[in-house]
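To keep things clear, I will list the structure first and then write my remarks on it.
Below, the structure is given as structure tokens:
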């Protein structure tokens, strides 16, 4: 509506300007005198302007007629395409003008106008590759998915435009969520142009999302082959894919293949923690503890991690707490000041019931870097040292709302995961999991900090009951976070001083040769 009003205003302005100019020329004295032989013509100012316009028009018509006459003469002399070329030049000029206008409209975001210009260009030009492509892009911009799909399908008929058509259809299927058809189209596009980087990335992502690890590794190899991926990055991502393949094989109850895949993944990227854990377990299953120890030590030197400690414990599951402290010395001597190393050392000393050594190992970590795990370890140390219940409950109350500490966090969407995975289940990012603190790091109960008075009150009620009725539960499963609380939990589980607080200790206790750990009564 505004554009129409603007055009009307401009037209009226031109009419008014022309009328004013004509009136001004009529009132102007003088003119143009033309003398031809004995005849003399005198033109006024307005008549001179009109005559000049007619002269320009006559010259233009003369040139066009001359060009037509030349083409006709050539046709008579045997050039059968002379007349066709004469009229084709006009059509091509109009077609390319329309094509240029359509591209400008597309760049400016006017999808409907671009579609109209593409249709006009298609009438004048014999270039379906250009006009159909413009139509497809304009239809996508205008939101006409059906017309865009028809245009992309027309592009499939020409070898020069087949890749563009396949890629356009592939993106449409991805937007529709039809990953199966998108995968087939991506494979066809990759076959047409294996060096196309965007197609490689899309195909790799689709293959990883569908857990087609072997095909994804071939695509990754193609990226390396064509120089579009650094060798060190390829090595790391190939290890991630190999580890994903090993996890799937393990789920399919194929332990031998899983062991081989896990060991291969660890060799490709020794610092990949899940690969080191699976490789260590594989060596343990093959009765090769030395190889398992070497794998864990190398990964621990890269970054201490509770899963590595748990895997290291599984190498010798039947050892005593004192023997375990000595064997873990190879890990404790590396990164001595790292929080994970200090908490691991404290947990080992608690399992050996050496509480002064545990407190010394933990140091001031509960104050300088309070997490749910470090605070719970401190509560266990105080309990084992014979501290008052109020002191123990104070540490536990702080642990309820303390941050959980490092977790497997997706670098793309910042979602924290309970365990590592090759692909983020939230955003679909490939190889985006890193062991770090999330930006919103908390381990609050479902109702928040306002539940603390109620929880502490329940603990006090239990302390007033007979000693045999008050219990503090031992850790359920994980050494990496003995204070891990889910939204359905109502209490934290705290390790007793008499029992190992860690998963690697619990696994040593829960064997056929050792009796199962039982709940301990609070003193």
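Numbering (the working numbering), first residue to last: 54 to 576. Positions of the beta carbon are idealized from the N, C-alpha and C atoms, including for glycine.
Proximity below 9 Å, CB of residue i to CB of residue j
i, j, result
"residue 436", "residue 418", "no"
"residue 481", "residue 165", "no"
"residue 483", "residue 475", "yes"
"residue 489", "residue 459", "yes"
"residue 329", "residue 323", "yes"
"residue 242", "residue 232", "no"
"residue 178", "residue 127", "no"
"residue 453", "residue 432", "no"
"residue 223", "residue 263", "no"
"residue 149", "residue 174", "yes"
Exposure of residue i, with buried meaning 16 or more beta-carbon neighbours within 10 Å
i, result
"residue 56", "exposed"
"residue 283", "exposed"
"residue 115", "exposed"
"residue 393", "buried"
"residue 278", "exposed"
"residue 302", "buried"
"residue 353", "buried"
"residue 199", "exposed"
"residue 412", "buried"
"residue 409", "exposed"
"residue 427", "buried"
"residue 290", "buried"
"residue 381", "buried"
"residue 467", "exposed"
"residue 445", "buried"
"residue 161", "exposed"
"residue 461", "buried"
"residue 361", "buried"
"residue 552", "Since pLDDT at residue 552 reaches only 36, below the 50 mark, its modelled position is unreliable, and the value read off the structure follows with that caveat. With 16 or more other Cβ atoms within 10 Å, it is buried."
"residue 339", "exposed"
Proximal residues to residue i (C-beta, below 7 Å), its chain only, five neighbours per side dropped
i, result
"residue 168", "188, 191, 192 and 195"
"residue 154", "170"
"residue 250", "281"
"residue 321", "288, 291, 292 and 295"
"residue 357", "388, 391, 393 and 394"
Residue of the options minimising C-alpha distance to residue i
i, options, result
"residue 274", "170, 479 and 254", "254"
"residue 367", "345, 353, 385 and 351", "345"
"residue 464", "444, 485 and 471", "485"
"residue 245", "262, 212 and 429", "212"
"residue 364", "152, 143, 335 and 387", "335"
"residue 286", "61, 325 and 443", "325"
"residue 281", "333, 247, 292 and 59", "247"
"residue 102", "71, 438 and 89", "71"
"residue 176", "76, 202 and 147", "147"
"residue 309", "462, 202 and 331", "331"
"residue 348", "129, 225, 318 and 73", "318"
Other residues of its chain near residue i: CB distance less than 8 Å, five sequence neighbours each side excluded
i, result
"residue 208", "182, 185, 186, 189, 214, 215, 217, 218 and 221"
"residue 337", "345, 367 and 368"
"residue 159", "167, 187, 190, 191 and 194"
Neighbourhood of residue i by C-beta distance below 6 Å, restricted to the same chain and skipping five residues each side
i, result
"residue 398", "385 and 414"
"residue 266", "294, 297 and 298"
"residue 405", "374, 375 and 378"
"residue 351", "323"
"residue 438", "408"
CB contact below 9 Å: residue i versus chain D
i, result
"residue 130", "Any reference to chain D falls outside this structure, which holds one protein chain only."
Inset, instruction - Jot down the residue ranges of each uninterrupted alpha helix (DSSP H) in the region 424-453, minimum 4 residues, whole runs only, in chain order. - result: Counting only runs of 4 or more, we get 425-437.
Inset, instruction - Mind listing, in chain order, the continuous alpha helix (DSSP H) runs of no fewer than 4 residues lying wholly within the region 327-369? - result: Secondary structure remark: continuous alpha helix (DSSP H) runs of at least 4 residues inside the region 327-369, in chain order: 342-355 and 359-368.
Legend entry - beta strand (DSSP E) segments (min. 3 residues) lying fully within the region 270-303: Counting only runs of 3 or more, we get nothing.
Inset, instruction - Output the residue ranges of the alpha helix (DSSP H) runs that lie fully inside the region 242-269 and measure 4 residues or longer, sorted by chain position. - result: Correct list: 250-262.
Inset, instruction - Give, in chain order, every unbroken run of the beta strand (DSSP E) that is at least 3 residues long and sits entirely within the region 141-167. - result: Here no run is fully enclosed.
Inset, instruction - With a floor of 4 residues, list each alpha helix (DSSP H) that falls wholly inside the region 171-230, ordered by position along the chain. - result: DSSP runs (the alpha helix (DSSP H)) wholly in the region 171-230: 181-195, 198-208 and 215-229.
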